[in-house]
Structures are given as C-alpha cells and as structure tokens.
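Numbering-wise (the working numbering), the sequence shown opens with residue 22 and increments by one. Reviewing the structure listed below.
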Amino acid sequence: MIAPKEHLGFMVGEDRKLADWQQISSYFEHLSQSERMIVKEYGESTEGRKLIYAIISNPENLANLEKYKEIQKKLANPRGLTEEEANKLIEEGRSIVLITCSIHASEVGGAQMSMELAHELMTRNDEDVMEILENNIFIFVPSLNPDGLDLIVDWYKKTLGTKAEGTNPPVLYQKYTGHDNNRDWFMLTQKENYYTVKNIHNEWHPHIVHDQHQMGSHGYRFILPPFIDPYDPNVDPILTSQVNTLGTYMAAALTTNNKKGIATTVGFDAYSPSRAYQHYHGGVRILSEAASVKLATPIEIEFDEITGYGGGSAQDATYNHPEVWPGGT
C-alpha cells in the first residue's frame, strides 16, 4: 500500500496543499486492495459525485459482515429477544464505529486526514492496531460533502498568492443549503444526508458516531463532549452518560499525549434535532471541533490574541480545559 504522500505528491497537512475528491476517493480505492478494507458506494451527491464509505476491520470480521450487521439489527431493535439471547449477541458482536468527515467543506481537516488514518490502519501491525481491528468494524466516510470539498479546493488553488488566499468562496459550498447542510438531519431534504441515514446509519446502527468538525482559530485547540445543556429530553440517559464518559476519556488521552488546549463542556449542546440524528437512534455521538487555519494556509497566533468559546477563556486552565495552549503557528 503506497502512502498518501506517494499518491498525492505532497504530505497530508502540508502547507498550502489540499486534495480534491478524485484524489481522496481514488486513494481509498487503492487501499481497498488490502484485506483490511472494503469500499462501498452508498449514493450520489447533489452534483453527481460518487458517495463512498470504507469498511475497515480485520479479514475475519470482513468475511462475516452480514453476520455482524444482523447482530446489530437485532440489538438495535431488541423486541422479542430474551435477556439471555441479547447477552449472547452482545458477546458475539463487534463494536460498530462510524467516523464522518467534513460535512462543512471549508472545515478541510477531516477529509484530508482520512487518507492518513486509513493508511495507518491498513499498514500497521502493532498490538494496539491489531486489537482495534479485531474488536471493531469501522465505517469511515472520508467526506459527507464531496461537492463542497471540490468547490473549496478549486477556490483555494485559484486564489493562492492573492489577497483572497485562505478565504471562503463567494458561493454556497452545498448547492441548496450551504453551511446548513448540517442542519438537515431530521428532514433529510439533501441527497448527502438522506443516503447517509438510509444506507449507513439505518444499515449499520453504529454504537459510536464520531462527527469531525472545525471551528474558529483563536479559541481552544480542540473541543469534545460532554455537551453543555440543554440536552434533548428524549435522548436516553444511558446514552447521555456514555457520551460524557467517552468524550472525557478522549480529552484525557489527548492531554496525556501532550496535546494542549483540549476542552470539554464548551459551547455545543445536544438539543437540536436538525443536527443530531444519531442521538435519537442509539449511537453515542461524539462531536469534535478542531481549531482552524485559513483553509491550508498557516497562521500565527500570539498568546494575548487567544480568546475562547461559549463563555470560557482559552487563556485559563480550568477543570474542563486543564492545559493551556501558549500560542504559536
């Protein structure tokens, strides 16, 4: 399996370099030669681009996908199961984890990163990765909005070296709804959202959904759940507590690995049904929000320019933001 750099001609995350949808989707097609990945088409975008997702696990799990999908279907709607039958299915099943990237096309990091993460899972053979592949089936969507991805990448390339470099284009990056394509998770009026729910959520019933986003530049570096109030009262309390537990664990792991500016319980609630299909259908929904640059153009932030988000200050160490980012490039 060649690395993303060999496929693209530049490193993922390199300054002033962005991959378009053809480059990203064709790289996933290349990786699907591995015995650890299957790539599936699950619909067509508004402008006619192919929507794809990757199924990533070990070869044994991939050979028994229908079995695990059926287990998930039964556990997602356990009416008629005895407790003994349910426990047996839980023991036999695998964790289904859905990772979705860059529905907001100007939030370029998720879609670009997808190639690097997929390559690691295809090529690493250390104990951690082998255990992950044995116990989990990943459903990986490299971009929920490939039309917008291409629009952003084209605009960025055209404006490199001009005053407009790193700005958002003067047109919608989703043909009909622009930024609000992420507010369409209960009416499902847009093809991208409709097919994601029909052919991924309702097919796989994931235990965990990690939805990758980006936010402004001058606040916290990375925000994770727990969410702030209000929480929709129809969400099961068990799910609320599991979101809290998993988000806090992820934040602790990042801080332990010397990542600064990691915050929880900031800014983002779990109320609006227009953005949270996962909350109502059994999944532990993790929303991550990473700080942005000017698309792929680096920026410099001094410490006294750091602000906050949702009422907190990213200059202060607090219970939900234990290590401050000092500023920099």
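Every residue gets a Cβ at the ideal spot worked out from N, C-alpha and C, and that includes glycine.
Going by other Cβ atoms of all chains shown within 10 Å of its Cβ, with 16 needed for buried, is Tyr-330 buried or exposed?
As a working note, residue 330 is residue 309 in the sequence shown. So Tyr-330 counts as buried.
Contact defined as beta carbons within less than 8 Å: I believe His-228 pairs with Val-150. What is the distance between those atoms, to the nearest angstrom?
Residue mapping note: residue 228 aligns to position 207 of the sequence shown, counting from 1. Residue mapping note: residue 150 aligns to position 129 of the sequence shown, counting from 1. Taking C-beta atoms under 8 Å as the contact rule, His-228 and Val-150 fail to qualify, at a distance of about 19 Å.
Got a sec? Which residues, its chain only, sit under 8 Å from Val-256 by beta carbon, not counting five neighbours each side?
For the purposes of this step, residue 256 is taken as residue 235 along the sequence shown, with counting starting at 1. Result list for Val-256: Ala-291, His-300 and Tyr-301, in chain order.
Which of helix, strand or coil does DSSP assign to Lys-71?
Stepping through the sequence shown from its first residue, residue 71 is reached at position 50. Reduced to three states, the DSSP call for Lys-71 is strand.
Run the CB neighbour count on Met-32, radius 10 Å, all protein chains shown included, and call it buried at 16 or more, exposed below.
In the sequence shown, counting from the first residue as 1, residue 32 sits at position 11. Answer is exposed; the Cβ neighbour count stays below 16.
With H, G and I counted as helix, E and B as strand and the rest as coil, what does DSSP make of Asp-377?
For the chain, the structure presents residues 22 to 350; residue 377 sits outside this window and is missing.
Since Ala-335 contacts Ile-322 with CB under 8 Å, what's their CB separation in whole angstroms?
Counting from one through the sequence shown, the residue named residue 335 turns up at place 314. Counting from one through the sequence shown, the residue named residue 322 turns up at place 301. The beta-carbon separation of Ala-335 and Ile-322, rounded to 10 Å, does not stay under the 8 Å limit for a contact.
Where the alpha helix (DSSP H) through Pro-258 begins and ends:
Position 237 of the sequence shown holds residue 258. Per DSSP, Pro-258 belongs to the alpha helix (DSSP H) from 258–277.
To which residues of the same chain is Met-53 closer than 8 Å at the C-beta, ignoring the five residues directly before and after it?
On the sequence shown, position 32 is the one that residue 53 refers to. One detail in the question is off: residue 53 reads as Ser in this sequence, not Met. Closer than 8 Å at Cβ, skipping near neighbours: Ile-59, Val-60 and Ala-75.
Can you tell me which of the three DSSP states Lys-49 falls into?
Counting from 1 along the sequence shown, the entry for residue 49 is found at position 28. The question names Lys, yet the displayed sequence has Phe at residue 49. Phe-49: helix per DSSP, three-state reduction.
Pull up the DSSP beta-bridge partners for His-231, would you.
As a first step, residue 231 is located in the sequence shown; it is residue number 210 there, counting from the start. The secondary-structure analysis by DSSP pairs His-231 across a beta bridge with Ile-120 and Ile-307.
Look up Met-58 in the DSSP assignment and say whether it is helix, strand or coil.
Position 37 of the sequence shown holds residue 58. In this structure, Met-58 counts as strand in the three-state DSSP scheme.
Alpha carbons only, please: which of Ile-249, Met-136 and Asp-168 is nearest the one belonging to Arg-70?
The residue you call residue 70 lines up with position 49 of the sequence shown. Ranking Ile-249, Met-136 and Asp-168 by Cα distance to Arg-70 puts Asp-168 first.
Nearest to Lys-212 by CA position, among Ser-313, Gly-30, Leu-165 and Ser-78, is which residue?
One-based indexing of the sequence shown puts residue 212 at position 191. When each option's Cα is compared against that of Lys-212, the closest is Leu-165.
Alpha helix (DSSP H) containing Asn-203: first to last residue?
Translated into positions along the sequence shown, residue 203 becomes position 182. Asn-203 -> no alpha helix (DSSP H), and no H or E assigned at all.
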